[in-house]
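Below: the structure, in structure tokens.
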Amino acid sequence: MSFPLVRNRRLRTSQAMRNLVRENTVTRHDLIYPIFVTHGTGIKEEISSMPGVYHFSIDTLEAEIREVTELGIQAVLLFGVPETKDAHGSSAYDPNGIVQEATRRIKEWNPELLVVADTCLCQFTDHGHCGVVHYNESKKRADVLNDESLALLVKTAVSQAEAGADIIAPSNMMDGFVYAIRQGLDEAGFDHVPIMSYSVKYASSFYGPFRDAAHSTPQFGDRKTYQMDPANGREAIREADADVAEGADMLMVKPAMAYMDIIRTLRDRYDLPIVAYNVSAEYSMVKAAALQGWIDEKSVVLETMVGFKRAGVDLIITYFAKDIVRWLNN
Ligand code: PBG
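Shown next as structure tokens:
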């Protein structure tokens, strides 16, 4: 045998050959499309830091849902931008809240489309934190109370399920939130509704454009007492272990691009479906460079998505979902 002994290039000689040995693919079935819904009528407003992503009022949402349906996307993730906010985020668990209303309408327009409800309080509280805030006089600081917040998250999840949400996705990072919500759903008769837990959610700078879009920037402090430190990897296992023990049906890693090692760790450790959230700044960075003509958007996005699959995810939440399906269809 002549040198080189190993010729890896043999399997790269043509597109057909490469297709034959491809290890990972992305399909429309892997994708969940996030949508921002708001009160009012006739609203379809582009989010300035997220070109191609909009706020929809319920009436303009119908056309968007039709488009998503025609593309063959099977699931949307709803974020509510409410009219009113208060200290306890009561518009999050109002039966006529924006997410509940949008969910009911979507299920009328297309009962087959899976509605995933983001269960959190930060868009609905006037202080912008994901739970109940208590000012601690002696320590001179505001604390986000864990167990008091759980009760409100349970109410939110149950009202979302009552409106027809198919999947509950709690993103608040309070301890015990999966167990509390599971119990609440079961008691309300929603034992068939799965929980997609934002298990491993980092206190990330990559949520910036989302917070503009959802008007959910904390008015004081940050989320570092409940979201994870980006420096920590082993802690992700403790978070995910807890969620599995508490009954989570799917585990999410968020953000995705800077956390591929965490995706792989979870993939190797759990048999549950793993979800990657390709978050707002990951979208905005690519969009910005593409709009400047500095990168080829399609190939960069598809490479990123197949990278998530290679890292071990089953599902990807991405603002690129509609674009991806269009590209895959061509
Ligand atoms: C709510 C929530 C956030 C995101 C999803 N759900 C913001 C945050 O935690 O501050 C971010 C999504 C994105 O950046 O695309 N807690």
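Numbering follows the UniProt record's numbering, with no gaps: position 122 of the sequence shown is 122. C-beta: ideal position from N, C-alpha, C; glycine also. Because the structure is a prediction, the values reported are computed rather than measured.
Buried or exposed (CB count within 10 angstroms, at least 16 for buried), residue i
{"i": "N329", "result": "exposed"}
{"i": "K254", "result": "buried"}
{"i": "A276", "result": "buried"}
{"i": "M1", "result": "exposed"}
{"i": "S138", "result": "exposed"}
{"i": "T156", "result": "buried"}
{"i": "P82", "result": "buried"}
{"i": "N8", "result": "exposed"}
{"i": "T38", "result": "buried"}
{"i": "Y135", "result": "exposed"}
{"i": "F56", "result": "buried"}
{"i": "G80", "result": "buried"}
{"i": "T41", "result": "exposed"}
{"i": "M17", "result": "exposed"}
{"i": "D186", "result": "exposed"}
{"i": "G233", "result": "exposed"}
{"i": "L150", "result": "buried"}
{"i": "D241", "result": "exposed"}
{"i": "S159", "result": "buried"}
{"i": "D94", "result": "buried"}
Cβ distance (whole Å) where residue i is taken to contact residue j below 8 angstroms
{"i": "A102", "j": "L71", "result": "19 angstroms between Cβ atoms; not a contact."}
{"i": "V178", "j": "D243", "result": "5 angstroms"}
{"i": "Y259", "j": "Y202", "result": "7 angstroms"}
{"i": "Y54", "j": "E45", "result": "6 angstroms"}
{"i": "L31", "j": "I316", "result": "6 angstroms"}
{"i": "L152", "j": "G89", "result": "6 angstroms"}
{"i": "G128", "j": "L145", "result": "Actually they are not in contact, since the Cβ atoms of G128 and L145 sit about 15 angstroms apart, beyond 8 angstroms."}
{"i": "V301", "j": "I274", "result": "That pair is no contact at about 20 angstroms."}
{"i": "R182", "j": "E239", "result": "R182 to E239, Cβ: 16 angstroms. No contact."}
{"i": "F36", "j": "A248", "result": "That belief does not hold up - the Cβ atoms of F36 and A248 are roughly 25 angstroms apart, past 8 angstroms."}
From the options, residue whose alpha carbon lies closest to that of residue i
{"i": "F206", "options": "M285, A142 and V68", "result": "M285"}
{"i": "T125", "options": "A75, H215, R141 and E297", "result": "H215"}
{"i": "Y283", "options": "F3, Y33 and L5", "result": "Y33"}
{"i": "A75", "options": "S299, I106, G52 and L251", "result": "I106"}
{"i": "I237", "options": "L266, D249 and A245", "result": "L266"}
{"i": "P111", "options": "A92, T69, L150 and P95", "result": "T69"}
{"i": "N272", "options": "Q100, A213, D314 and S49", "result": "Here residue 272 turns out to be Leu, not Asn, going by the sequence shown. The candidate whose alpha carbon is nearest that of L272 is D314."}
{"i": "S48", "options": "L150, S280 and V154", "result": "S280"}
{"i": "N278", "options": "T304, D261 and W294", "result": "T304"}
{"i": "R104", "options": "R326, D59, A213 and N232", "result": "D59"}
{"i": "V115", "options": "L150, S149, R141 and E162", "result": "E162"}
{"i": "E62", "options": "Y226, E108, A321 and E297", "result": "E108"}
{"i": "R326", "options": "T27, R141 and D249", "result": "T27"}
{"i": "M250", "options": "Y270, D261 and A256", "result": "Y270"}
Residue i CB to nearest heavy atom of ligand 3 below 7 angstroms
{"i": "Y226", "result": "Absence of ligand 3 from the depicted structure is noted, with ligand 1 being the only ligands included."}
**OP:** Indicate whether the contact test is met: 3 or more Cβ pairs, each with one atom in the segment 162 to 177 and one in the segment 113 to 122, closer than 8 angstroms.
**Re:** These segments touch.
Original post:
Between the segment 192 to 200 and the segment 172 to 182, do three or more beta carbon pairs fall short of 8 angstroms?
Top reply: The answer is yes - the segment 172 to 182 touches the segment 192 to 200, with three or more Cβ pairs under 8 angstroms.
Subject >> 4 or more residues per run - each alpha helix (DSSP H) lying fully within the segment 262 to 295 >> reply: With a minimum length of 4 residues, the continuous alpha helix (DSSP H) runs that stay inside the segment 262 to 295 are 280 to 291.
**OP:** Pick out the complete beta strand (DSSP E) segments inside the segment 6 to 70, 3 residues or longer, and give them in chain order.
**Re:** Those beta strand (DSSP E) runs which fall completely within the segment 6 to 70 and span 3+ residues are 31 to 38, 44 to 47 and 50 to 57.
Original post:
Are the segment 218 to 237 and the segment 286 to 297 touching by the rule of at least three beta carbon pairs closer than 8 angstroms?
Top reply: The segment 218 to 237 makes no contact with the segment 286 to 297: fewer than 3 CB pairs, one atom from each, lie closer than 8 angstroms.
Subject >> Inter-stretch contact at 8 angstroms, needing at least 3 Cβ pairs: the segment 16 to 30 / the segment 308 to 321 >> reply: Short answer: they touch.
**OP:** Would you mind listing the alpha helix (DSSP H) stretches within the segment 181 to 222 that are 4+ residues and don't spill past its ends, in chain order?
**Re:** Taking only runs of at least 4 residues, the alpha helix (DSSP H) segments lying wholly in the segment 181 to 222 are 208 to 214.
Subject >> Continuous alpha helix (DSSP H) assignments of at least 4 residues falling wholly in the segment 107 to 191 >> reply: Every unbroken stretch of the alpha helix (DSSP H) spanning 4 or more residues and falling wholly within the segment 107 to 191 is given here in chain order: 146 to 163 and 177 to 187.
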